[in-house]
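In this text, residue positions in the sequence shown follow our numbering: the first is 13, and each later residue adds one. Accompanying notes for the structure given below.
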Amino acid sequence: MPTIALGVTGGIGAYKAVEVARGLQKAGHEVVVVMTEAARHFVGPLTFEAITRHPVITDQFEPGANADIAHIQLATDAALLLVAPATANCLGKMANGIADDFLSSLYLATRAPVVVAPAMNTYMWEHVAVRRNLELLRARGVHVVEPGEGFLACGWMGKGRLAEPDAIVAAVLDTLRRGASLAGRRLLVTAGPTFEDIDPVRYVGNRSSGRMGFAVAEEAAARGAEVTVVAGPVSVEPPAGVGLVRVRSAVEMRDAVMARAKGQDAVVMAAAVADYMPERATEKIPKEAGPLTLVLRRTPDILEELGRERAEGRLPGTLLVGFAAETSEVVARAREKRRRKQVDLIVANDVSRSDAGFEVDANAVVLVAEDGEQELGLAPKREIARGIVDRIECMLGRRKE
Ligand code: PMT
């Protein structure tokens, strides 16, 4: 069974981490505990050592610790890193890349999924700095087990109490299950805008950053899928662990997608593909006193072509997922797009909002399928991606039956 690295930081809830360690063991996992210095004021390492039957890592510079392969290898060996309780200080370090002890260094060094269970005073929990750090971590795919409400150790009533051990264990098991749920599957995801050249200097483009498509790709890769991303000229860095094909125009994107679509389990078109392209001038168009008229021609509709190819039997078994960027009648238009383009699922988003859609880190979408609709409320794009990939997984599962 996989090893779980359990980080324990200095909060009163540290005693509940003992129950968490037990719960993980009962589920069949080896648990290696990493304690911060502050945590040791609340629980002794011996308690964890006796329960887990593994030495507890308490100090990065402890003599002997760095000669022990098991310690050094934890970053690569751990199937998951859980931090419970996670203090405001620990979350701040994780969000900002500070690595000044074993646990914070482990977070940076590991590529395993990460689950945090925060616990702190209500005002600390509500502080804008903590909110922002959690948002950053969520955007990176860190799973947050929300604290509970009630009577806190500091005497206050409110939110901030460490979640119950059972809920933390369940979140870990769920995250592990997702970690391999798309193993053996192949996904092709498009992301970003396309730029349609007017002349060698100017182009027509749109506001897509690539964030949404990359989040879907990252989530699918985290679940073990082999992911290829066809990206337009994006303004953000692509995720690690995916194959990347860079294109510029709608025509280039069409060629890249059609060349790779066959044999994919799913194609997800999150890119904002231009609908029109100008006739490209070979020389820079000189500036004149009067207005300039551009003649725009339709670009190829890639999603529609994929739908047609499948309907005619040339893409058997490939699940087709499109997006719909709308500014009004969002769901009605998405339904119509799904039917017209002959695809399985449309992710509809309202791009007139300033807090969701283009460029920003968050989105709010409705998943429109033949058997109904599901709303995913405003959340970081990585969380929205989790919902989208959950749905894709479910639809792929149904196809297999
Ligand atoms: O990149 P971000 O900044 O994170 O922003 C995310 C997003 C708003 C771009 C994303 O959530 C989104 O909505 N992407 C689809 C944008 C779009 O082109 O929507 P559409 O309604 O115009 O197109 C419908 C579908 O057809 C889309 O899947 C699109 O990829 C596809 N299409 C469109 C035109 C075309 N010529 N070929 C296509 O395949």
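Cβ coordinates follow ideal geometry from the N, Cα and C atoms, glycine included. Owing to the predicted nature of the structure, the values given are computational and were not obtained by experimental measurement.
Which whole-angstrom value is the C-beta distance of residue i and residue j, which I expect to be below 8 Å?
i    : j    : result
G22  : F54  : 6 Å
C166 : N133 : 5 Å
E42  : M13  : 6 Å
R260 : P245 : 6 Å
L93  : A131 : No, L93 and A131 are not in contact; Cβ-Cβ is about 17 Å, not under 8 Å.
A129 : V157 : 4 Å
V269 : L200 : 7 Å
L193 : E405 : It is Ser, not Leu, that sits at residue 193 in the sequence shown. Going by Cβ atoms, the distance from S193 to E405 rounds to 6 Å, so yes, they are a contact pair.
A233 : D373 : Wrong, their Cβ atoms sit about 19 Å apart, outside the cutoff.
Can you list, in chain order, the residues of its chain whose CB lies under 6 Å from that of residue i, leaving out five sequence neighbours each side?
i    : result
V380 : A346, R347, R350, I358, A360
R197 : A237, D277
K105 : S116
E138 : none
G162 : R173
A293 : D211
Can you list, in chain order, the residues of its chain whose CB lies under 7 Å from that of residue i, leaving out five sequence neighbours each side?
i    : result
A26  : V20, A51, F54, V55, P97
D89  : T15
K274 : L327
If I measure Cβ to Cβ from residue i and keep anything under 8 Å in the same chain, skipping five residues before and after, which residues do I get?
i    : result
E413 : Residue placement at E413 is poorly supported in this model, since its pLDDT is 45, which falls under 50; the coordinates are not used for a value here.
G191 : A91, L92, P125, A234, R235, G236
Q37  : V43, I63, T64
I69  : V44, V45, V46, M47, A77, H83, L86, F114
I297 : I210, D211, R214, L304
- Segment contact, 8 Å Cβ cut-off, at least three pairs: the segment 207 to 214 with the segment 246 to 253: no
- List in chain order: all unbroken alpha helix (DSSP H) runs of 4+ residues lying wholly within the segment 312 to 354. 314 to 323, 342 to 353
- Cβ contact check for the segment 306 to 318 and the segment 344 to 362: 3 or more pairs under 8 Å: yes
- Determine, using beta-carbon pairs with one atom in the segment 210 to 219 and one in the segment 176 to 188, whether at least three such pairs fall under 8 Å. no
- Those runs of the beta strand (DSSP E) which lie wholly inside the segment 156 to 182 and span at least 3 residues: 160 to 163, 169 to 173
- Message: With three or more beta-carbon pairs closer than 8 Å as the criterion, would you say the segment 266 to 285 touches the segment 299 to 315?
- Response: yes
- Message: Please give me, in chain order, every unbroken run of the alpha helix (DSSP H) with length at least 4 that falls completely inside the segment 118 to 150.
- Response: 134 to 138
- Query: Which whole runs of the alpha helix (DSSP H) in the segment 17 to 97 are 4 residues long or more, in chain order?
  - Reply: 28 to 38, 57 to 64, 81 to 84, 86 to 89
- What are the complete alpha helix (DSSP H) segments, minimum 4 residues, inside the segment 241 to 327? 262 to 272, 314 to 323
- Query: Would you call the segment 137 to 145 and the segment 181 to 198 touching, i.e. three or more CB-CB distances under 8 Å?
  - Reply: no
- Item | alpha helix (DSSP H) runs contained entirely in the segment 198 to 238, provided each spans 4 or more residues | 223 to 234
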